[in-house]
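In the working numbering, the protein residues as written are 912 to 1190.
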């Protein structure tokens, strides 16, 4: 058993990397003949690994995981699956918000690399409105993990002429919401199709897209880790009405958000306000 690093940011990166390795192994062992079985196996393997390691190394912390569906709020004892330890997440000082496999559809398709592992830490003592004090997004098929341990540099401006000045909006590759399509038309943006929410925000962090706007309904685990990294990088992140993102709420539903370059925030939020007034 390897010993993880001590700091929370490094621990988050370590966890995301470990889970990512397990997911790559599941892909290799099962193949792609049965996508449903592959999705199920991937979810379970990554979830079990994250929960076990959190219980072992952070037993006093609470956890909110997609695979728990928000129902199990205390950590299991790694040596006793029937036992629990740690406080309810709503009264806890520290809560890990995890998505063991963000983008199951992409994970189950051979050759796709736009899926992710999310690991974030919320702290009651956090100094920002979202109170996310550590986070990591594992992109296993891309062989990289981005985290708050060493935040990526602020993304470079797009090369002149690459998109004719159009804002590049990361969007669903298969079913971009009508809301985002209409927004893109209004501001003259170009849709950049890709998979999971983590992959989309990672693309903004890397400078491969300029913004990600979502208004179709998500949960805290869909965005906590990538938002932690994005804001550590210096990007703008908020609700689509401009209000602060908040995590570890009683209802983990977090239906909308925008992550973008700081220089685009005013333009995007103004366009979003016009859409909100019309709808």
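For every residue, glycine included, the Cβ atom is placed at its ideal position computed from N, Cα and C. Note that the structure is a prediction, hence the values are computed from the model and not measured.
Supposed contact pair residue j and residue i - C-beta distance, whole angstroms, cut 8 Å
i	j	result
residue 1142	residue 1148	5 Å
residue 1124	residue 1094	6 Å
residue 913	residue 1132	With 8 Å as the limit, residue 913 and residue 1132 do not qualify as a contact, their Cβ atoms being about 25 Å apart.
residue 1020	residue 943	7 Å
Spatial neighbours of residue i in its chain, beta-carbon cut-off 7 Å, leaving aside the 5 residues before and after
i	result
residue 1034	1004, 1005, 1042 and 1044
residue 1099	1077
residue 916	922 and 925
residue 983	Residue placement at residue 983 is poorly supported in this model, since its pLDDT is 37, which falls under 50; the coordinates are not used for a value here.
residue 1174	none
Chain-order list of residues whose beta-carbon lies under 6 Å from that of residue i (same chain, five-residue window excluded)
i	result
residue 1031	1008, 1043, 1046, 1135, 1136 and 1139
residue 1176	1147
residue 1180	1153
residue 1183	1151
residue 1024	1052 and 1053
Beta-carbon proximity check, residue i vs residue j, cutoff 8 Å
i	j	result
residue 948	residue 1011	no
residue 965	residue 930	no
residue 1122	residue 1171	yes
residue 1026	residue 1110	yes
residue 1051	residue 932	yes
residue 1106	residue 928	no
residue 1185	residue 1060	no
residue 1082	residue 1104	yes
residue 1159	residue 1000	yes
residue 1144	residue 1067	no
Buried/exposed call for residue i, threshold 16 Cβ in 10 Å
i	result
residue 1113	buried
residue 919	buried
residue 1038	exposed
residue 1054	exposed
residue 1097	exposed
residue 1079	buried
residue 969	buried
residue 1108	buried
residue 1120	buried
residue 945	exposed
residue 937	buried
residue 1058	buried
residue 1056	buried
residue 973	buried
Close-in-space but distant-in-sequence residues of the same chain around residue i (CB under 8 Å, 5 per side omitted)
i	result
residue 1187	1151 and 1152
residue 1156	1040, 1041, 1134, 1138, 1148, 1149, 1150, 1165 and 1168
residue 954	978, 1011, 1012 and 1015
residue 1126	1088, 1090, 1091, 1151, 1166 and 1167
residue 935	1051 and 1052
Any non-hydrogen atom of the ligand SAM closer than 7 Å to residue i Cβ
i	result
residue 920	Within the structure as shown, the ligand SAM is missing, as the structure has no ligands at all.
Sequence ranges, beta strand (DSSP E) only - wholly within the region 1090–1119, length at least 3
1101–1105
Jot down the residue ranges of each uninterrupted beta strand (DSSP E) in the region 996–1084, minimum 3 residues, whole runs only, in chain order.
1005–1013, 1027–1034, 1043–1050, 1055–1058 and 1079–1083
Which full runs of the beta strand (DSSP E) of 3+ residues lie inside the region 1134–1186, going along the chain?
1147–1149 and 1168–1171
Continuous beta strand (DSSP E) assignments of at least 3 residues falling wholly in the region 920–979
973–976
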